[in-house]
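Asks: Heads up, our numbering is the position in the sequence shown plus 324, with the first residue counted as 1.
Shown below is the structure under consideration.
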Amino acid sequence: MSDRPKKPPVEIVRRPAGAPAVVPAPRPVVSPAPRPVTPKGPVVPRQVSPVPVRPAGTGAPVSAAPVPRPVVGERPSFDRGGGFDRSGPPRGRGGPGGFPRPARPPGPPPTADQINALARRERVPARIAKGELEGKMKCRIWKKLHAEEAKRFDQAYTLMEKTPGLELAEAFGVNQAGMSVEEFRERRARVKKKEEVKVARTSVDPKAIDGFLADLVATKAELTLVLGERTVVDTITAVEPVAFQLEKSGRLEKLQVVALCKKALWEKQGPHFERDAKLAQKPLPVARQPARRPVSDPRPFLEHSGKTLGFLLRNGLKPELPLRAVGPFDVLLGEEGEEIFVPLHGVVKWEPKV
Numbered sequence: 325m326s327d328r329p330k331k332p333p334v335e336i337v338r339r340p341a342g343a344p345a346v347v348p349a350p351r352p353v354v355s356p357a358p359r360p361v362t363p364k365g366p367v368v369p370r371q372v373s374p375v376p377v378r379p380a381g382t383g384a385p386v387s388a389a390p391v392p393r394p395v396v397g398e399r400p401s402f403d404r405g406g407g408f409d410r411s412g413p414p415r416g417r418g419g420p421g422g423f424p425r426p427a428r429p430p431g432p433p434p435t436a437d438q439i440n441a442l443a444r445r446e447r448v449p450a451r452i453a454k455g456e457l458e459g460k461m462k463c464r465i466w467k468k469l470h471a472e473e474a475k476r477f478d479q480a481y482t483l484m485e486k487t488p489g490l491e492l493a494e495a496f497g498v499n500q501a502g503m504s505v506e507e508f509r510e511r512r513a514r515v516k517k518k519e520e521v522k523v524a525r526t527s528v529d530p531k532a533i534d535g536f537l538a539d540l541v542a543t544k545a546e547l548t549l550v551l552g553e554r555t556v557v558d559t560i561t562a563v564e565p566v567a568f569q570l571e572k573s574g575r576l577e578k579l580q581v582v583a584l585c586k587k588a589l590w591e592k593q594g595p596h597f598e599r600d601a602k603l604a605q606k607p608l609p610v611a612r613q614p615a616r617r618p619v620s621d622p623r624p625f626l627e628h629s630g631k632t633l634g635f636l637l638r639n640g641l642k643p644e645l646p647l648r649a650v651g652p653f654d655v656l657l658g659e660e661g662e663e664i665f666v667p668l669h670g671v672v673k674w675e676p677k678v
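Shown next, in the form of structure tokens:
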């Protein structure tokens with residue numbers, strides 16, 4: 325048998341119907357005793373303004389004057405072995421929460437020669453060299469953070485050392501294009517000349533040349549068009565930007581034309597022009613790019629207006645006639661009423677005649 329004690333029986337007492345409920349008596353609430361506050365400094369009584377007391381009989385309660393509370397002195401600061409100085413200005417990169425940016429070394433700002441010398445020595449961009457001289461990021465740190473770009477600058481500076489007179493931009497262009505320095509400079513010269521030709525053509529008034537061609541179309545004059553190895557007799561019906569529309573032969577590209585004039589004028593003067601034997605047998609081809617042509621800038625002709633000029637055309641013709649008008653792409657030679665139209669792409673060279 326088990327030795328555990330048995331539970332005593334529980335007797336259930338039921339309240340009779342209609343009997344009032346028994347409410348337990350409330351327990352007294354004991355508030356904790358206030359702890360005494362020991363002042364750590366001299367106690368200074370606080371000035372308290374008196375509260376006016378209303379007269380009796382008004383029915384309003386009379387408030388008692390508050391008891392002045394003791395004022396504790398300022399809490400002394402503790403020295404924690406050097407601690408943190410919280411009284412200084414906020415630190416940070418332009419604001420709180422960052423790191424202080426080092427100030428630029430005292431003295432005048434770096435000159436261009438100093439910046440270029442440091443950039444060439446460290447093989448970095450000029451802006452990085454300038455930053456180091458101003459107390460910012462060091463060049464060696466920039467090269468670690470930007471290894472690929474630093475490698476390209478190193479290659480460019482190495483090429484500059486091998487090629488005297490080569491600029492940094494040209495060295496980058498040579499490395500990126502994968503060509504020699506001579507080829508790169510030739511290409512840059514062509515691009516520069518192309519831009520100059522565009523500017524030159526826009527600076528010359530085309531009114532005189534356009535009027536001459538419009539008069540030929542309006543009068544339907546019979547013309548002789550001198551090409552590289554032959555001549556064509558026809559009438560111009562329309563003028564396009566890069567071609568002539570002929571009545572019989574159809575569309576003729578302007579690059580094929582060396583000269584044109586009225587048929588009667590050519591029969592009168594054409595046989596008397598001198599010719600270069602070599603070019604007469606094999607005319608020079610016309611380059612599609614204006615920058616590669618011998619003559620493409622019309623501005624040098626402007627100061628020779630009315631003077632006699634000697635020309636060598638690409639089919640060997642050597643006319644010597646006074647300059648009558650200049651256009652963006654062509655010139656007019658001869659006297660009034662006897663003009664010869666010569667496009668600049670057909671000219672090999674020219675010179676003034678005394």
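Heads up, the beta-carbon is just placed ideally off N, CA and C, and yes, glycines get one too.
Please read all numbers here as calculations on a predicted model, not as lab measurements.
Among the residues of its own chain, which have a CB less than 6 Å from the CB of G640, if the five just before and after it don't count?
Replies: Leaving aside the five residues that flank G640 on each side, the residues in its chain whose CB is nearer than 6 Å to its CB run, in chain order, R599, D600, L603 and A604.
Asks: Count the other CB atoms within 10 Å of the CB of E446; is the residue buried (16 or more) or exposed (fewer)?
Replies: buried
Asks: Could you spell out where the beta strand (DSSP E) holding I336 opens and where it closes?
Replies: Careful: I336 lies outside any beta strand (DSSP E) and carries neither H nor E.
Asks: With a threshold of 8 Å on Cβ separation, who are the neighbours of F536 within its own chain once the five nearest residues in sequence on each side are excluded?
Replies: A649, L656, E663 and F665
Asks: On the three-pair Cβ rule with 8 Å, is the stretch 665-675 touching the stretch 569-587?
Replies: Taking 8 Å as the limit for Cβ pairs, the verdict is that the stretch 569-587 does touch the stretch 665-675.
Asks: So, helix, strand or coil for L681, using DSSP?
Replies: The chain is shown only over 325 to 678; residue 681 falls outside these bounds and no answer can be derived.
Asks: Go ahead and label V557 buried or exposed: buried means 16 or more other beta carbons lie within 10 angstroms of its beta carbon, across all protein chains shown.
Replies: exposed
Asks: In angstroms, rounded to a whole number, what distance separates the CA positions of E644 and K631?
Replies: The C-alpha of K631 is placed about 10 Å away from the C-alpha of E644.
Asks: Check each candidate in K518, P624 and R638 and name the one with the smallest Cα separation from L551.
Replies: R638
Asks: Reducing DSSP to helix, strand and coil, say where G661 ends up.
Replies: coil
Asks: Between the stretch 607-621 and the stretch 513-521, can you find at least three pairs of beta-carbon atoms closer than 8 Å?
Replies: yes
Asks: What residue does the beta strand (DSSP E) around F568 start on, and which one ends it?
Replies: A567 to L570
Asks: Output the boundary residues of the alpha helix (DSSP H) element that contains L457.
Replies: Here the alpha helix (DSSP H) through L457 covers A450 to L457.
Asks: Buried or exposed: I533, going by 16 or more other Cβ atoms within 10 Å of its Cβ?
Replies: buried
Asks: Taking buried to mean at least 16 other C-beta atoms within 10 Å of its own C-beta, is G670 buried or exposed?
Replies: G670 counts as buried, since at least 16 other C-beta atoms from the protein chains shown sit within 10 angstroms of its C-beta.
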